[in-house]
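A.B. asks:
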Amino acid sequence: MIKLLCFLLFNAYVVNNAVGSVIEVGGFKSYVSGSPHAEHAVILVSDILGYKVPNLRAIADKVASAGYYVVVPDFFNEDIYNPNNTRRPLNKWMESHPTEQGVKDAKAVIRALRKRGFSSIGVAGFCWGGKVAAILSSTANIQAVVLCHPTFVTLTDIKDVEVPIAILGAELDTVCPKELVKQYKKVLLTKPQIKNYVKIFRGVDHGWTTVYDLNDKKAVKAAEKSHMEILDWFNKSLK
């Protein structure tokens, strides 16, 4: 049974100092940050806590500050997973929000960005969003992906990757164990034509990139390092 840790630190989020705004992109309410006249765009696909998570929006702002137009879509229509709702456990919530639908929705956002003239588009997926990003990487719709502590990603998904891919895993993750991340790397080694980067962060658990206690200096440092890895990958792959 998958044990998601993302919700354990609901009260550990930063005070929302986001600099972006919420508009509609591709038919979805989205947090956007950065200049709409930028040459390159990045889509951040959230975990099961949705697009309002302040730490996720902070990542959007960081990436946008490097010259990207960043979109964080609300693919759940604010129907995020609530661990306190015992009448709707995770498997039931997932029935309403399958990753296949997330892929379809993401393609609508990608089409909207293409129409606006962005020359390249990258996607970073977190937890639930990691599967969405992995599937999108098998198409020509985007130019680069980053998977952060992904869930449900199979070796077949990795075999199908056709764009530069970075995978950020966690040493203590039981949802996407480090052993599985190492298997992803082995598969990617059979595809030398695909630029890849795989890293397992020591001492961190599932969800560390967006869910962390600001009073925990070690957790903040690890999260910030992952954010720089995300930005670095897009700088190398999109520009």
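Heads up, the sequence shown is in the UniProt record's numbering, so the first residue is 1 and it goes up one at a time. Quick reminder that beta carbons are idealized off the backbone N, C-alpha and C, glycines included.
(1) Is it the case that the stretch 209-221 contacts the stretch 43-62, given that we only count it when at least three CB pairs across the two stretches are under 8 Å?
(2) Give me the DSSP bridge partner(s) of Gly122.
(3) Using the three-state DSSP reduction, which class does Gly26 fall into: helix, strand or coil?
(4) Determine the direct distance from the alpha carbon of Ala66 to that of Met228, and round the result to whole angstroms.
(5) For Ala169, which beta-bridge partners are listed by DSSP?
(6) Out of Leu168, Val42, Ser119 and Leu90, state which residue places its alpha-carbon closest to the alpha-carbon of Ala106.
(7) CB of Val19 to nearest heavy atom of the ligand ADP: below 7 Å?
(8) For Gly27, count neighbouring Cβ atoms within 10 angstroms of its own Cβ and tell me buried if that reaches 16, exposed if not.
(9) May I have the straight-line CA-CA distance separating residue 252 from Pro177, to the nearest angstrom?
(10) I need the boundaries of the alpha helix (DSSP H) containing Pro54, first residue and last residue.
(11) Give every residue of the same chain whose Cβ lies closer than 6 Å to the Cβ of Asn141, excluding the five residues on either side of it in the sequence, and list them in chain order.
(12) Using a 10 Å radius around the Cβ and a threshold of 16 neighbouring Cβ atoms, would you call Pro73 buried or exposed?
C.D. replies: This is what the structure holds:
(1) By the C-beta criterion, the stretch 43-62 is judged to be in contact with the stretch 209-221, since at least 3 inter-stretch pairs fall below 8 Å.
(2) Per DSSP, Val42 and Ala144.
(3) Coil, per DSSP.
(4) Straight-line Cα distance between these residues: approximately 11 Å.
(5) With the sequence shown as reference, residue 169 is identified as Gly, and Ala is not the correct amino acid for it. Ile200.
(6) That would be Val42, whose Cα lies nearest to the Cα of Ala106.
(7) With respect to small molecules bound, the structure shown includes none, and the ligand ADP cannot be examined in it.
(8) Residue burial is scored here from C-beta neighbours: Gly27 has fewer than 16 other C-beta atoms within 10 angstroms and is therefore classed as exposed.
(9) Nothing about residue 252 can be read from this structure; the chain reaches only from 1 to 239.
(10) Here the alpha helix (DSSP H) through Pro54 covers Pro54 to Ala64.
(11) Only Ile110 meet the Cβ criterion.
(12) In this structure Pro73 is buried. Its beta-carbon is surrounded by 16 or more other beta-carbon atoms within 10 angstroms.
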